[in-house]
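In our numbering, the protein residues as written are 3 to 298.
Printed below as a string of C-alpha cells:
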C-alpha cells in the first residue's frame, strides 16, 4: 500500500510530466489513472507493456485529452465494453501501436481512435481483409502504416488499393515468402499514393530485389530495403533508376561495413549523380524524422 501511495504522489508532483511506460502493474493501474488526472495537461505518451486490463475502468483514461502517442505491447484481457468507452475519448492520437492482440480489439481501436491517426503499427495481429477495410474507412488521415505480414496474406493485397497512405513499412520474417507475392503486392500498390516504402525481408536475393523494382510503380520517392550493397545489387538499382524512376530521392540499405571495390564505387557514384541520397535502412525502418535520417 505504501508503494502504491508513493508512486501516485510521485506522478502527481511531477512538473511537465509528458511520458509514461507502465509494465505489469495491474494492481496499481486504476490508482495511476486517477493520479494522471493531475498531469493530463502535459501527458502526451503512454506505453502499456504486458498489462491485463481485466476490470480496470477506462473512465479516467479517456479524459487524458492531450495524449498523442499510445502503445499496447503484449497486453490482454480487455473487454468490448472497455473498447467501446474509447469512442468517448477526449484525446486525438497521432500514433497507435498494437503488438500481439486479438483482431476484435484491434478493430475496435481502429474504429474509435483512427480518425486522427497519422501512424499505425501492427505486429502479431492477423492482417485480414476486414482490418484493411477498417483502416481505409476509419483512418482517413493516416500517413504511415507498419505491418508484419506472412505468406498467407496474398488474398488481402487487392484491398491495399483502398489505403490512403504515403509511407508503407512491411516486416516479412518468413523465409518462404515468394517473389510472386511481392509482385502481387506492388501491383496493388500502384493505384495509390504510396511515396515511401520500407521492406524488412528475411532474405534478399538479387532475384528478389529485381522482382521488387520491376513491379513497383515509378513515382516512389523513397525505397528502403534491408540489403547489403554489392556489385550486382547496385547494378539492378541503377538500371531501375535509369529506366523507370526519375522521382526517387532516397534509397535505404544496410550501412556499409566494408570498403567498396572500384566497380561498386563507380555504380554508387552514378546512383548519387541521379540525385539519390543513400540512407541507413534502420534509421528509416524505425521511422525517424526525415530531418534525422542517417545518410552515407
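Built from N, CA and C at the ideal position, the CB exists for glycine as well. Here the structure is a predicted model, which means the values were calculated and not measured.
- DSSP assignment within the region 69-103 yields the following whole alpha helix (DSSP H) runs of 4 residues or more, N-terminal first: 82-87.
- Distance between residue 279 and residue 251, taken at the CA atoms: about 6 angstroms.
- Look at residue 47 here: in three-state DSSP terms it is strand.
- Given a length threshold of 3 residues, each whole run of the beta strand (DSSP E) inside the region 152-226 is given here in chain order: 169-174 and 198-203.
- Here residue 79 is exposed, its C-beta having fewer than 16 other C-beta atoms within 10 Å.
- Beyond the five residues adjoining it in sequence on each side, residue 116 comes within less than 6 angstroms, by CB distance, of 140 and 141 in the same chain, given in chain order.
- Judged by DSSP secondary structure, residue 65 falls outside any alpha helix (DSSP H); it is assigned neither H nor E.
- Here the C-alpha atom of residue 171 lies approximately 7 angstroms from the C-alpha atom of residue 287.
- In the DSSP assignment, the residues bridged to residue 150 are 173.
- Cβ contact annotation for residue 59 (same chain, cutoff 7 angstroms, sequence separation greater than five): 32, in chain order.
- Setting aside the 5 residues that flank it on each side, residue 199 is surrounded in the same chain by 169, 170, 171, 172, 191, 218, 222, 224, 225 and 226, each with a C-beta closer than 8 angstroms to its C-beta; the list follows chain order.
- Taking C-beta separations shorter than 7 angstroms and ignoring five residues to either side along the sequence, the partners of residue 234 in its chain run 208, following chain order.
- Beta-bridge partners assigned by DSSP to residue 252: 224 and 279.
- Between residue 45 and residue 68, the C-beta spacing is below 9 angstroms.
- When 149, 138 and 30 are compared, the shortest CA-CA separation from residue 165 is found for 138.
- The alpha-carbon of residue 50 is positioned some 15 angstroms away from that of residue 84.
- Just so you know, the alpha carbons of residue 96 and residue 265 end up roughly 45 angstroms apart.
- By the criterion of a C-beta distance shorter than 6 angstroms, residue 109 is surrounded in its chain by 136, once the five residues flanking it on both sides are discounted.
- By the CB criterion at 9 angstroms, residue 92 and residue 66 fall inside the cutoff.
- Cβ-Cβ separation between residue 114 and residue 88: approximately 4 angstroms, consistent with a contact (criterion under 8 angstroms).
- As far as DSSP is concerned, residue 108 takes part in no beta bridge.
- The continuous beta strand (DSSP E) containing residue 124 extends over residues 121-125.
- A residue is called buried when at least 16 other Cβ atoms come within 10 angstroms of its Cβ; residue 17 does not meet this threshold and is exposed.
- The continuous stretches of beta strand (DSSP E) do not include residue 29, which lies in the alpha helix (DSSP H) extending over residues 28-37.
- Taking all protein chains shown into account, residue 154 has fewer than 16 neighbouring C-beta atoms within 10 Å of its C-beta and is therefore exposed.
- Per DSSP, the continuous alpha helix (DSSP H) segment holding residue 236 begins and ends at 233-245.
- For residue 54, DSSP records a beta bridge to 78.
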